[in-house]
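Chemist: The listed protein sequences correspond, in order, to chains C, E, U, H and B.
The first sequence runs 1 to 283 under the UniProt record's numbering.
The second sequence runs 1 to 502 under the UniProt record's numbering.
The third sequence runs 1 to 318 under the UniProt record's numbering.
The fourth sequence runs 1 to 287 under the UniProt record's numbering.
The fifth sequence runs 1 to 328 under the UniProt record's numbering.
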Amino acid sequence: MSAQAPGGEMVLRVENLVLEYPLPRQSLFAPAPRHRALDGVSLQVARGESLAVVGESGSGKSSLARAVLALEQPGAGRVELMGQDVFALSPGALRGLRRHAQMVFQDPYGSLDPRRKVGWIVAEPLDALESGVGAAARQARIAEVLVSVGLKARDAEKFPHEFSGGQRQRIAIARALITHPALIIADEPVSALDVSVQAQVLNLFMDLRERLGLSYLFISHDLAVVRHVADRVAVMRHGQIVEEGAVEQVFREPQHPYTRKLLAAVPRVGHPRQAVAGATTAP
Amino acid sequence: MKKLVASPLASAALAAGLALGLVAPALVTPALAAKDSLTLAMPLEPPHLDPTAGAAAAIDEVVYANIFEGLTRIDSSGAVKPALAESWTVSGDGLTYTFKLQSGVTFHDGSGFDSADVKFSFDRAMAEDSVNAQKGLFDSIAAVEVPDAGTVVVTLKQPAGNLLFNLGWGDAVIVAPETAAENKNNPVGTGPFVFGRWVKGDRVEMVRNENYWGEPAKLAKATIKIIPDPAAATAAMLAGDIDAYANFPAPEAMAQFEADPRFKVVIGSTEGETILAINNTRGPLSDIRVRRALAHAVDRQAVIDGAMFGYGTPIGTHFAPHHPAYVDLTGSYPYDPEKAKALLAEAGHGDGLTLSLKLPPPSYARRGGEIIAAQLAQVGVEAKISQVEWPGWLEQVFKGTDYDLTIVSHTEPMDIGIYGRDTYYFNYQDADFKALMTKLNTTVDETARYGLLGDAQKKLSADSVNVFLFQLAKHGVWNKDVVGLWENSPVQANDLTAVYWN
Amino acid sequence: MAVFFLQRLTTLFITLLVASLLVFLVMEVLPGDPAAVILGVNAREDTLAALRAEMGLDRSAWERYFLWLGGLLTGDLGRSYTYGVTVWELVAERIGLSLPLALMAIVLSTVMAIPLGVLAAARRNKASDVGVMGFTQLGIAIPNFWFAILLILLFAVHWQILPAGGFAGWDAGFWPALKTLLLPAVALALPQAAILARVTRSSVLETLGEDYVRTARAKGLTRRAALWRHAVRNALIPVVTIMGLQFSFLLAGTIIIENVFYLPGLGRLIFQAIAQRDLIVVKDLVILLAASVVVVNFLVDLLYAVLDPRLRGGGHAL
Amino acid sequence: MLSEARAVSLREFWLRGRGQANLMIGLAVTLLLIAVAVLSLVWTPYPINAIDIPAKLQPPSAAHWLGTDQFGRDVLSRIMAGARNSIAVSLVAVGIGAGLGVPLGALAAARRGWVEEVVMRFNDFTFAFPALLSAVMITSLFGPGAINAIIAIGIFNIPVFARLTRGAALSLWQRDFVLAARVAGRGRTRITLDHILPNIASLLIVQMTIQFALAILAEAGLSYLGLGTQPPDPSWGKMLNEAQTLMFLAPQLAIFPGLAIMATVLGLNLLGDGLRDLLDPRLRRLR
Amino acid sequence: MTLLSLQDLSVVLDTPEGPATVLDRVSFDLAAGESLGIVGESGCGKSMTALAVMGLLPDAARCTGRIDFEGRDLLALDEQALCALRGRCIAMVFQEPMTALNPVKSIGYQVAEGLRWHLGLGRGEAAARAVKLLDRVGLPQPRFSPDLYPHQLSGGQRQRVVIAMALACDPALLIADEPTTALDVTSQAEILALIAEVTAASGMALMLITHDLAVVWQNTAAMLVMYAGAVAERGTTAEVFARMAHPYTRGLLAASPGALGDILPAGRRLATIPGQVPDPQDRPTGCVFAARCARAAADCLPRPPAERVLAPGHAVACLHPHEEETVL
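This is the structure:
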């Protein structure tokens, strides 16, 4: 089923990206030590392709997402979005490019402004990036994206606190869709959700990709989730990609010891059980 | 003393609890004050203690007659008495005064007193770089000679009727050359009290001068405490912290102390002519009709009752009522709002007039100002009040004459001469009056002087230079057992030499 | 950690330097000629000029500024125009009152406020909490000079057990001097205690909700033990900040209380100095106060590091 | 933009607010104060400055509910007029404080870097001076009067709001919905207006009521020292100062202005507490 | 001998929006040395159960039923008695290691505190025992000195400190409420291994609370599935996994992407459970899962289903349970 990369144009190309954060200075004379979050990362996402980036906390996967969207200034390396070098653009040109790449965040309760109505939230990218959109057209676009994520048009009048975690994440996705982007960067979109709700949102991601031909940069620490959503997977550790390849390939014959350690650590039903003492318990 | 109330928390809660039920002060036996020491309070703290280097009345109120003495001394009735000068003779033409000095007088630091000290003091005051606030007192002196240790001969340029009085001022006290420079903080004089200690902002302590040349002081120790705040002063008096307050800053508290048998209230008079000063050259105020209208618009008695709670004697001109030469001119401008309106209309201000009224800090000014503003409003004159601190008043009103009306009390004794000055903040220039003043200065004979003073008073009232309100009263409050404090204050002083407990 | 304080020190100096410049400029613009104030109404122009020369007022503004700044650094604060004594001497006397008064007020307010605040937080919404909250609301609302008047009326005039005001001076013995400071200290302490109690209460409530307090309870500690051993210690940080601010206020913000109790403190000295245009004293005092406030804040920062190890840095054990 | 957030909360405000004692009492007292002040513009039992010396220092009576002062003026009328003065001075002073403080704080949080440094240094600087002392300097510099009192108190509200706004804004800038707005291409200023300010509005409202109460106390303090509103306009602080010397003759003169100040400040603080609980549920458990 | 036995434990919380039933007649037993996994999604009441046993429910909670621990009903005990029990006989490990430790106290102090509180040990002796405990949970000296502060440790290491604190007084029962949810997958594996090893070595009973079926499969002998405050299914882990009877349990397994590992080819849609967990304020009368259950029938609605024993060691609260084997 997974849509094969049509070998068409690259939606995203990242070439040995380096990003550092200054740490508090330990001594007056030595310059402040710096934490190297991205240490020469290169990857690319073709149109319609879903690339997952998996790694533990502190591996730099979130920094990658921010750098790609020019929210952070990298030390070195290039990011090419829709063929244009993001960091070489003027602020105006960069704004024009943003239409093509939007982001979905992890915490459903943190990614929606509690003081704004859902309609306004979803339309914010539209209002910011496309000019000359009439009120009626705007209303229609809002309704369109809300329905496309399984919500109702009249939900636009409600406030975020009137929705469950799963529904809020759908609203966040609707916001990301409104400018018809080519690439969606999802930073741990389902980690904060319960299993049953998580399944609904994952299915939504897969439906949208098929229907709208979206390409994903899907960031997660959960290998199981990655299996479902991604065509290719890149394993990150300490700011570097240690292994990359087709999902089946990497999951079946992990090359890098770290990948193997990750896969082994995931508890799986049916596999040998922990040496656990204990007889049956009466009901 | 009763036991201290438990913890601060309890007292705070108690105080808050009792806040609403204000309890009238019950009769409580006063703390037994030591019999030979006295704590006197006064409102303003002296900037320093050298009367020859500052004009602040507070300096004289501490040191005059107590620590420092001049050749002559002014007593409680305002008369000139001998002091360091035992006796003096005046030449026929009134130009040379020969003073015979007291013998056996020493300064507090033990150094001897003789005519050289007198010459030093006068030369210092008259010197080019002198910082003596009343340098004018010595204008008429041509030279000071000391033929011998016990005599001083002063020759004048022209006769000066009030020389003896002037030499009785605080600014003319005799200081020793060796200690003159340090007198600001460690005053060394010849008086009956020796300077003890000065806790800045709180009190000045002095002790009896055991080897005083004259009759020794009856008090062994005297403390002068500085309590400006009227309520604090009332509380201190009631709580027995102080034994006497020479001139209580709050006339409204008098009723309180009169009702309390522990205290004696003595209302005297001062040299303070309280006036509504007018800038005689400023716009409409240059028109005498407007000035007379103002005089008619002000109800003096209401101002006295309202501002000073009835203490104070109305005056019609710039002269102290207790002085023999006083002429009662209060009748020249009776309270008559209608007449005031008529005069204003006649002067072309029928539809009203707006004037600035600048008020210095004292309560007679701040309260009097509000009452007068209300009274002027009745006749269509809007007085815009602005309260200023003394430096601001000196800068804007006194030096800059940038004012329409102001209220101030001139507390220097016998200061009617200020109306004859070339530059003075009233901007009143009148040749006749100036002539009167020069004539006064040169006449020595008493009755002639009184006649001239009377003419001067009538002139000021006729020209309605200012609206003359009332003579500032002296609100003396002291423990009933204290005897010897001055009833009036003809000069700014708290003479403790004759004070004792009976 | 040292870096943290060196940065704070530099900002401290910059703030003081700017403060000194601003105060000097303000004093230049202040209307009123000090010489006229001293020599009074009848002084003549020549004597005024002589006095101004003596006081060095005739030199250029910049010259005087740097002279003054130099004096500040070398400790020579110059002589007061009105009192004729060095400013140090003047200030030393007044600090002898203002500092103990501020300390007494802070101690009184803290001793009252912190236990009340913790009590109110521990028993949230119960009678004692509502009572404490009521008391603090009242404490903040009462203007402290009104409260002072009532205190005088009650304790000095009616019961005559405490002096109505004035300061006996430390040489008159420790207890008599302390007695004169008791009422002013209570008048100052009440509003500060009210504010401090409220801050303590909300801070303790905040920490009571933290996970580590629940962990302590899970370890078997009683509510009281968990409160005092874990919650209160963490709650102290915001409380210390407020106490720092309060102490700097108490140093010279007490002009009104000093007025009501006629205490010769720093507040009244400044107020009189401004009224008498004793510019040297005003400038020196304002700078001394600004310095003391900045130093107090610096000490509060030091206390943070003591209270909260996270600020002490120290490497990770990774 | 901003109105949307507010519209809903007003309806919600009344629904949830009704039950809270703090809020209701606070609101009642504050509205009473405003009503009295507005009424005093039009009507007072006696003309505010009418001096009647013979009738001075009368205790409360049927004619004069709260008695007369040392000049025979009706105390009730002057207290009503005093309310007008207190509100005016405090409102404008807090207005200045918030008007300048909030943008400064928001700017510091948005721009960071040297802008933040400058704003914070200005804050430290103004905190370095005890408020009252500087008010005394300002009023003695430019002369006493209500205007200068307003400026003096206003200046000292600026750092309070700047510091509060900066703190709250800094934590909001880390929130995902702000990052989302940046991803959507919104600029710093637009984000501050659309997201930052609406979300700290409730915090600011609460702080305003508290600062309003403090401003009233400060104004009373200044006019007690004679540096605030000038006579003959009445002000509670000045009335208290004048009453102090008559404490033993007419004690009630000192009580009523003190009570008026206390009631107003109490009302405002209760209103502030009530608003805090209502508008900021997160703080609710801190009651 | 049954160490812990819950009989019809119900908990109702007073909220501003009205009373909310958070636990509805929960009953189960746990023998000494046994391990029981409680699995369910958030809001199903699994943490409430743990807090009820510890007696740390919020003040606004009202409990009915019994919680027998070593024969004594904990609900009947006063605060004093409960304090003696907590940490001494029943210990707990929480979910958020980053905030579970007091930031201003050293880890040595916090581990030793339980010893000094319950066993009255002196400062020195308690400190020594604390060091041994730290070593026991994999934080050897000198690298992990007791003088370190929590902010100097990683999430996994802090959780180890919390475990050391729990073991301090050698309790009979250890409750671990989602101990690894906030950790990385590698740290999760290590911590779960540590808990298993420690409980087995000292014969401690373990109550492990998680939302991850695979964690239960791997770590506990018996298990309990909870939904909306009630027990849906329970039994030995092997029995339950072999033949999942309750439709919710099956739905949960199908929705867990990781659980079935290799079977599902990438990209195939996950089976989802429609709808949402009902609001505790307005619980339906009948079976609480009925609204979302494909097998729901008329008889499911009037009364909550009674529990039926399908086999020794396997019971379910459902009128139309699945019969067929689970496809693992």
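For each residue, glycine too, the CB sits at the ideal point set by N, CA and C.
Rounded to whole angstroms, what is the Cα-Cα separation between GLY270(C) and LEU173(B)?
Modeler: Within the first sequence, numbered from 1, the residue matching residue 270(C) stands at position 270. Within the fifth sequence, numbered from 1, the residue matching residue 173(B) stands at position 173. Using only the alpha carbons, I get a separation of about 28 angstroms.
Chemist: Taking 8 angstroms as the CB-CB cut-off, is LEU71(C) touching chain H?
Modeler: For the purposes of this step, residue 71(C) is taken as residue 71 along the first sequence, with counting starting at 1. Cβ-Cβ to chain H under 8 angstroms: yes for LEU71(C).
Chemist: May I have the straight-line CA-CA distance separating ARG243(B) from ALA254(B), to the nearest angstrom?
Modeler: If you number the fifth sequence from 1, residue 243(B) lands on position 243. If you number the fifth sequence from 1, residue 254(B) lands on position 254. Answer to the nearest angstrom: the Cα atoms are 14 angstroms apart.
Chemist: Please list, in chain order, the residues of the segment 207-220 of chain U that have any C-beta partner in chain B closer than 7 angstroms.
Modeler: GLU210, ASP211, TYR212, ARG214, THR215, ARG217, ALA218, LYS219, GLY220
Chemist: Can you tell me whether DSSP reads LEU89(C) as helix, strand or coil?
Modeler: Working through the first sequence from its first residue, we reach residue 89(C) at position 89. DSSP places LEU89(C) in coil when its eight states are reduced to three.
Chemist: Determine which residues of the segment 124-149 of chain U have a Cβ less than 8 angstroms from any Cβ of chain B, and write them out in chain order.
Modeler: none
Chemist: Strictly below 8 angstroms CB to CB, what residues from chain H border residue 338(U)?
Modeler: The displayed coordinates of chain U run from 1 to 318. Any statement about residue 338(U) would go beyond what the structure contains.
Chemist: Could you check the C-alpha separation between THR236(B) and VAL183(H) for me, to the nearest Å?
Modeler: Residue numbering aside, residue 236(B) sits at position 236 when the fifth sequence is read from its first letter. Residue numbering aside, residue 183(H) sits at position 183 when the fourth sequence is read from its first letter. Computed Cα separation, rounded: 50 angstroms.
Chemist: Can you check whether the C-beta of VAL104(B) is within less than 8 angstroms of a C-beta belonging to chain U?
Modeler: For the purposes of this step, residue 104(B) is identified with residue 104 of the fifth sequence, where counting begins at 1. Closer than 8 angstroms to some Cβ of chain U, the Cβ of VAL104(B) qualifies, so yes.
Chemist: What's the gap between the Cα of PRO146(B) and the Cα of GLY124(B)?
Modeler: Along the fifth sequence, read from residue 1 onward, the residue named residue 146(B) stands at position 146. Along the fifth sequence, read from residue 1 onward, the residue named residue 124(B) stands at position 124. Each residue's alpha carbon lies about 12 angstroms from the other.
Chemist: Can you name the residues of chain U whose CB is closer than 8 angstroms to the CB of ALA254(H)?
Modeler: As a first step, residue 254(H) must be located in the fourth sequence, where it is residue number 254. Result: TRP146, ILE149.
Chemist: Apply the 10 Å Cβ neighbour rule to SER111(C) and answer buried if 16 or more other Cβ atoms are within range, or exposed otherwise.
Modeler: To locate residue 111(C), count along the first sequence from 1; it is residue 111. Its Cβ being crowded by 16 or more others within 10 Å, SER111(C) is buried.
Chemist: Should HIS314(B) and ARG295(B) be called a contact, given that it needs their Cβ atoms to be closer than 8 angstroms?
Modeler: In the fifth sequence, residue 314(B) corresponds to position 314, counting from 1. In the fifth sequence, residue 295(B) corresponds to position 295, counting from 1. Going by C-beta atoms, HIS314(B) is not nearer than 8 angstroms to ARG295(B).
Chemist: Hey, is the segment 89-100 of chain E in contact with the segment 208-218 of chain E, meaning 3+ C-beta pairs nearer than 8 angstroms?
Modeler: no
Chemist: Cβ of VAL173(E) within 8 angstroms of Cβ of GLU487(E)?
Modeler: As a first step, residue 173(E) is located in the second sequence; it is residue number 173 there, counting from the start. As a first step, residue 487(E) is located in the second sequence; it is residue number 487 there, counting from the start. No. Outside cutoff.
Chemist: What do you reckon, are the CB atoms on GLY105(H) and THR165(H) nearer than 8 angstroms?
Modeler: Along the fourth sequence, read from residue 1 onward, the residue named residue 105(H) stands at position 105. Along the fourth sequence, read from residue 1 onward, the residue named residue 165(H) stands at position 165. Yes. Within cutoff.
Chemist: What in chain E is Cβ-close to ILE95(U), meaning under 8 angstroms?
Modeler: As a working note, residue 95(U) is residue 95 in the third sequence. Going along chain E, no residue has its Cβ under 8 angstroms from ILE95(U), so there is no contact; the nearest lies around 12 angstroms.
Chemist: Which word fits ILE14(U), buried or exposed, when buried means at least 16 other C-beta atoms lie within 10 angstroms of its C-beta?
Modeler: Position 14 of the third sequence holds residue 14(U). That one is exposed.
Chemist: DSSP three-state call for THR209(H): helix, strand or coil?
Modeler: Residue numbering aside, residue 209(H) sits at position 209 when the fourth sequence is read from its first letter. Here THR209(H) sits in helix by DSSP.
Chemist: Run through DSSP, which three-state label would PHE167(U) get?
Modeler: The count along the third sequence starts at 1 and reaches residue 167(U) at position 167. Coil at PHE167(U), not helix or strand.
Chemist: Quick one: is GLN244(H) near chain E, going by C-beta distance under 8 angstroms?
Modeler: For the purposes of this step, residue 244(H) is taken as residue 244 along the fourth sequence, with counting starting at 1. Interface residue, yes.
Chemist: Whose C-beta lies closer than 7 angstroms to the C-beta of GLY112(E) among residues of the same chain, with five residues either side of it excluded?
Modeler: Start at 1 with the first residue of the second sequence, and residue 112(E) comes out as number 112. Taken in chain order, the residues that qualify are THR106.
Chemist: Enumerated in chain order, which unbroken segments of the alpha helix (DSSP H) with a length of 4 residues or greater are wholly contained in the segment 70-118 of chain C?
Modeler: 91-98
Chemist: Starting from VAL300(U), trace the alpha helix (DSSP H) in both directions and tell me its first and last residue.
Modeler: As a first step, residue 300(U) is located in the third sequence; it is residue number 300 there, counting from the start. Start and end: 279-307.
Chemist: Work out the CA separation of GLY92(C) and PHE241(B) for me, nearest whole Å.
Modeler: Walking along the fifth sequence from the start, residue 241(B) turns up at place 241. Walking along the first sequence from the start, residue 92(C) turns up at place 92. Distance between the alpha carbons of PHE241(B) and GLY92(C) is about 58 angstroms.
Chemist: Just to confirm before moving on: does the CB-CB distance between ALA56(E) and PRO43(E) stay below 8 angstroms?
Modeler: Position 56 of the second sequence, counted from the start, is the residue given in the question as residue 56(E). Position 43 of the second sequence, counted from the start, is the residue given in the question as residue 43(E). Contact flag unset, no.
Chemist: Check each residue of the segment 142-168 of chain B: if its Cβ is closer than 9 angstroms to any Cβ of chain U, include it; give the result in chain order.
Modeler: ARG143, PHE144, SER145, LEU148, TYR149, PRO150, HIS151, GLN152, LEU153, SER154, GLN157, VAL162, MET165, ALA166, ALA168
Chemist: Which of the three DSSP states is assigned to GLN7(B) in this structure?
Modeler: Here residue 7(B) is taken as the residue at index 7 of the fifth sequence, counted from 1. Reduced to three states, the DSSP call for GLN7(B) is strand.
Chemist: May I ask you to report which of helix, strand or coil DSSP gives GLY21(E)?
Modeler: For the purposes of this step, residue 21(E) is taken as residue 21 along the second sequence, with counting starting at 1. Any reading at GLY21(E) must be qualified, since the residue scores a pLDDT of 34, below 50, and its modelled position is unreliable; no value is offered.
Chemist: When DSSP builds the beta bridges, which residues end up paired with MET206(E)?
Modeler: For the purposes of this step, residue 206(E) is identified with residue 206 of the second sequence, where counting begins at 1. Per DSSP, PHE195(E), ALA222(E).
Chemist: What residue does the beta strand (DSSP E) around SER332(E) start on, and which one ends it?
Modeler: Within the second sequence, numbered from 1, the residue matching residue 332(E) stands at position 332. That residue, SER332(E), is in no beta strand (DSSP E); it is neither H nor E in DSSP.
Chemist: Determine the chain H residues that contact ILE385(E) at a beta-carbon separation under 8 angstroms, and present them in chain order.
Modeler: By one-based count along the second sequence, residue 385(E) stands at place 385. Residues of chain H passing the Cβ test: GLN230, PRO231, PRO232.
Chemist: Report the neighbours of THR47(U) on chain E: residues whose CB is nearer than 9 angstroms to its CB, in chain order.
Modeler: By 1-based counting over the third sequence, the position of residue 47(U) is 47. The answer, in chain order, is ASP129, SER130, VAL131, ASN132, ALA133, LYS135.
Chemist: Assuming VAL63(E) contacts GLY189(E) under a Cβ cut-off of 8 angstroms, what Cβ separation, rounded to an integer in Å, is found between them?
Modeler: Reading the second sequence from its first residue, position 63 is the one you call residue 63(E). Reading the second sequence from its first residue, position 189 is the one you call residue 189(E). Contact flag correct, Cβ pair sits at about 7 angstroms.
Chemist: So is ASP59(B) buried or exposed if we call it buried at 16+ other beta carbons inside 10 Å?
Modeler: Locating residue 59(B) in the fifth sequence gives position 59, where the first residue counts as 1. The residue is exposed, with fewer than 16 neighbouring Cβ atoms inside 10 Å.
Chemist: So the beta strand (DSSP E) residue 284(C) belongs to, where does it begin and stop?
Modeler: The first residue shown for chain C is 1 and the last is 283, placing residue 284(C) beyond what the model contains.
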